[in-house]
Amino acid sequence: THQHLLRTMDTLADCAETMDKVLAGLLRPLIDQELSIVFYDLTTIRTEGGTELSGEVRRFGLSKDGGIVRQVMLGVVQTAEGLPIHHEVFAGNSGETTTLVPTIEKVLARYPIKRVVLVADRGLLSLDNLEAIRAIRVGDQPLEFILAVPARRYADFDTLLAEFHQQRCLSATEEVVGEVAWQGFRLIVAHRPDTASEQGQARDARIAALEA
C-alpha cells in the first residue's frame, strides 16, 4: 500500500549513508581507475502538498521548467558511459554552484579515482565560482574541469581575443580553434564562419523587425 511504501522510504532514508557506501563498493569494479570524465547535472523536481515537516527539503525555488514552485533539487554524477555513480538531494532553494563542491568531494572520497575532468552545465561551473572549484584537490593534484563561457560574458574577453579575431577569424573559411592563457587557465576559442553568419543574419532580422 501507499502507507507501506512511505514507511519503507523512511527506513531507507535513515540508512542512506550506509547504503551509499555499500553501493559504492559494488560499483568500484565497474569504474575505470583512470576515470577521465564525470558529468554532474542538477535538476529540479516539483512537489505537491502543503504539509510542513521538520528538516523539510521541499522549498520554494526557481524551477528549470520556469516559475517559482515548491521543489527539491536532485544532483547526479555519472561516467562518460552514462553509469550513475552518486546522487544527492538538496533543498529546493539551493544555489546550483553550492551543490558542486560537497558532491564532488563525496565522489572522490568513495571511489579510488586517480584523475577527474569535471564537465557540468553553465549553471554549475561559472566564472563566478572558479576559485572554489580550483581549491578542490584530487590527491595532491588540482581538480581538472571544462567550463563553457556563457555568451553574456563574451565581452569580458574582447581585449584578450582581439589579435586572434583579427588574424584568424575575419578571413576564415572554415572552423578555426585557438588557445590563449587567461588568469592561469587555458582559454580555448573556436570560430565557425557559417555559424557566425547565421547568427549575424538572425540578429539583423530581429533588429529590423524592432525598427519597422
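Numbering (the numbering used here), first residue to last: 3 to 214. Ideal Cβ placement from N, Cα and C applies to all residues, glycine included. As the structure is a computational prediction, the values presented were derived from the model and not from experiment.
{"query": "Does any residue of chain B bring its CB to less than 8 Å from the CB of Tyr42?", "result": "Looking for chain B here will not work: only one protein chain is present."}
{"query": "With three or more beta-carbon pairs closer than 8 Å as the criterion, would you say the region 145-165 touches the region 194-201?", "result": "no"}
{"query": "Could you give the first and the last residue of the continuous alpha helix (DSSP H) run that contains Thr49?", "result": "Thr49 -> no alpha helix (DSSP H), and no H or E assigned at all."}
{"query": "From Glu165 to Val182, what distance separates their C-alpha atoms?", "result": "10 Å"}
{"query": "Considering only C-alpha positions, which residue in the set Gln73, Gly69, Glu50 is nearest to Arg60?", "result": "Gln73"}
{"query": "May I ask you to report which of helix, strand or coil DSSP gives Ala134?", "result": "helix"}
{"query": "Starting from the C-beta of Ala204, find all residues in its chain whose C-beta is less than 8 Å away, skip the five residues before and the five after it, and write them out in chain order.", "result": "none"}
{"query": "Is the beta carbon of Ile47 sitting closer than 8 Å to the one on Leu76?", "result": "yes"}
{"query": "For Gln80, which residues in the same chain have their Cβ closer than 6 Å to its Cβ, ignoring the five residues on either side in sequence?", "result": "Phe41, Pro86"}
{"query": "Do Val109 and Ile138 have their CB atoms nearer than 8 Å?", "result": "no"}
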